[in-house]
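Worksheet: the structure to be examined is printed underneath.
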Amino acid sequence: MSNKTRDHNQIELLTYRQLADILGKSVGAVRNAVSRGFVPRGTRIAGIGVRWRRDEIERWLKAQLEGGTRLAAKEV
């Protein structure tokens, strides 16, 4: 399987950098937004660091675009 094709059963995890790229912000701005509750908290994975599930971020973004509130970040 190529890097551009993902298995639908596989969970795609995002780094701070990848999340920042998706949001069009710097890594520092994303870290600040996460700590303030504006962006969903990621999951700390032992030996790897903090990661976000792409599907959860996409769902959160969709809710934001459809008029979701800041609370949506805490519901993901």
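Numbering-wise (the UniProt record's numbering), the sequence shown opens with residue 1 and increments by one.
Note that the Cβ used here is the ideal one computed from N, Cα and C, for glycine as well.
Item, Value
"Residue 41 - DSSP class collapsed to helix/strand/coil", "coil"
"Three-state class that DSSP yields for residue 53 in the structure shown", "strand"
"Residue 79 to residue 12 span [Cα, whole Å]", "Absent from the structure is residue 79, since the part of the chain shown begins at 1 and ends at 76."
"Between the CA atoms of residue 47 and residue 62 - distance to the nearest angstrom", "31 Å"
"Neighbour-count burial assignment, residue 45, 16 or more Cβ in a 10 Å radius", "exposed"
"Euclidean distance between Cα positions of residue 41 and residue 64", "15 Å"
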